[in-house]
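I have placed the structure first, in the form of structure tokens, so that the comments after it can refer back to it.
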Amino acid sequence: MTTAFLPTPLLTTDLVRHDSPVGRLEIRTRFDRLAGLDIESGGRLPGDDDAERPTSLHDETRRQLDDYFAGRRKRFDLPLDREGTPFQTAVWEILDEVPWGTTVTYGDLALRTGRPTGARAVGGAIRANRIAIVVPCHRVLGATGAVTGYSPGDGVTTKTWLLRHEGIPFRE
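Each residue of the sequence shown is one higher than the one before, starting from 465 at the first, in the numbering used here.
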């Protein structure tokens, strides 16, 4: 089993865990905003040892995720706590606009951020995304339509599941 990168857990957050078709999810909120959504990797979550402290935002996030996995939700409507550089934030905001069932390439994202040669920087911004699935970094493919990598969960296995769930064609 591939062990993917797990971001360092956010400090001073409330969290809950939630079962999903791609594994257990860890939903973190901070200041009434969704601050992190990690996917289990190798049977572990970053905050597995932390006590759950559910809030009403956790309940709403769980509901929207369940609707997404059931195919009833195509877009999330949650308040987000984005912590990153201005470039990372710009990439994440563009990702928010990539509709269900469609993809974008790293190069396309670089062009949209005004950095036409910045595809690698875009990859770095995507790796820093703490809100997997909700900020749909799984919808980013290589220039040839190939899956080039994925950090959350079990990596490419998780990404290909999400792509298939949305009916997105891709090259393996």
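Ideal placement from N, C-alpha and C gives every residue a C-beta, glycine not left out.
Residue 479 versus residue 556 - alpha carbon distance: 22 Å
Length of the line joining the Cα atoms of residue 546 and residue 553: 7 Å
Residue 623 burial status per 10 Å Cβ neighbour count (16 or more: buried): buried
Pick from 595, 537, 572 that is closest to residue 489, judged by C-alpha positions: 595
Residue 536 versus 636, 630, 634, residue with shortest Cα-Cα distance: 630
Test item: CB-CB of residue 616 and residue 502 under 8 Å: yes
Neighbourhood of residue 585 by C-beta, 8 Å cutoff - its chain only, sequence neighbours within 5 removed: 551, 574, 579
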